[in-house]
Each structure stands twice: as structure tokens, then as C-alpha cells.
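Trainee:
Residue numbers (our numbering), protein chains in the order written: chain G, 11 to 122; chain V, 19 to 132.
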């Protein structure tokens, strides 16, 4: 069973601090990894994707990938109340249909 | 970024009726689209993969005769919930890949079956 695991939270972080979200995956053959943000009642929106080991930065967001440990994380610097949402980790199976498997998500709450 | 639309955004229907939800890729062609369902405070659950010009691929536990999928063109997939019941009330979301590395979601359709 191919799985993506996340801590459900909630994760509470003071405004201005760094929020760290973690994700592990079971399929060693996975090639690409995504972070989505979902506000309550809305559909997910893509924040970042990463393919290579190491860090990828985009504004206040940094995705980190360690394929040997089967671990991917998302760091949010200078956290803002508007960052409060559920963050979904996703992994592309690169099967015939390019199916993406989602974790259950981590609820992040930024404390003003 | 790529845009995926859904219609309707919200629908209320009586038990036993059928409801059709449309998913469109607005600025790219999508040979494959995906249908998800999300119950309150739960994660996204992939229901099926919609393939243009061929049969959809359903995930285990999803009734293909109840959730009819048609992908008639490269920009349109439809999901029909047949004989809807209250337990089918959920948030239905479609997605599509403008290129292999990414997947964008539609805004979702909230279905309430009375």
C-alpha cells in the first residue's frame, strides 16, 4: 500500500516564527513531491513542488526533500495569520495515469 | 497558473435524483482528470481517474455505476452521481495536470442531498 503520512496537528506557531511541516512516504520509487494549502471550505491550491534532494525556496516557503529517508518537509518563514490552513503533502506515483497520492494534511494555526 | 473550473459550485437535490458535475480545463488540454471527494474535516479521497476517450479508472470501493464519469473532450470531464442519497453529500473536487509535474484543482462542488 503506497502511503503518504502527515501529523494531523493542529500545529500552533506564533506569528513571525517558522512553521515546520513534515511528511513521509512509503514508495521509494516516488519522483515528485508537492505541498498544497487548503483553506476551510475551499479546494487545495499548489504551493510548491520539488523533485531533487535538498532545498527549494520560493518566497517565505522552503521545501526540503530527502529521498534516502523518504522525507519531505515545508518550512514557512515569518508566519502570518493568513497561513493558517491545512497543508497537504502529495506524491506523484508516476504511474500510467500520473496519479497523485495525498496525505491527510496537517492543520496549521498561526497565533497572532 | 493553470485554471480548472467546476460547475455548479453548489447543488442541493432530493434523494433519488441524479446530479451532474462538470470539470473543465480552461487554458490547457487534459487527457487525464481526477475526481476527489472530501467529507468534513477529512482528507481528499481519490475516487477515479478520468481518461479522455476511454473508460474511467475507479479506486477500490467506489461504485462505478453510481458515479458515472464521462471524459468526452480534452477539456471536459463530467461526474454524475446517480440516485443520490444523503450519504453522498460531500465536497467533490476535480483536478487536472497541465504538465506532468503538477496538478491543479477546480474550486469544488458542494453537494447536499436532502
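We put the CB at the ideal spot given by N, CA and C, even for glycine.
Can you give me, in chain order, the residues of the segment 98-130 of chain V that have a beta carbon less than 7 Å from any beta carbon in chain G?
Mentor: 111, 115, 118, 119, 120, 121, 122, 123, 124, 125 and 126
Trainee: Would the beta-carbon of residue 93/V fall within 9 Å of that of residue 24/V?
Mentor: no
Trainee: Tell me the DSSP bridge mates of residue 65/G?
Mentor: 74/G
Trainee: Is there a Cβ of chain V sitting closer than 9 Å to that of residue 54/G, yes or no?
Mentor: Interface with chain V (9 Å Cβ-Cβ cutoff): residue 54/G is included.
Trainee: Could you tell me the distance, in whole angstroms, from the CA atom of residue 68/G to the CA atom of residue 67/V?
Mentor: 30 Å
Trainee: Does DSSP put residue 105/V in a helix, in a strand, or in coil?
Mentor: Residue 105/V falls in the helix class under three-state DSSP.
Trainee: Counting pairs of beta carbons, one from the segment 73-82 of chain G and one from the segment 24-43 of chain G, are three or more of them closer than 8 Å?
Mentor: yes
Trainee: Establish whether the CB of residue 46/G and some CB of chain V are separated by less than 9 Å.
Mentor: yes
Trainee: Which residues mark the beginning and the end of the beta strand (DSSP E) in which residue 30/G is found?
Mentor: 29-35
Trainee: Could you check what DSSP says for residue 33/V in three-state terms: helix, strand or coil?
Mentor: coil
Trainee: What whole-angstrom Cβ distance do residue 111/V and residue 53/G have, given they're in contact under 8 Å?
Mentor: 5 Å
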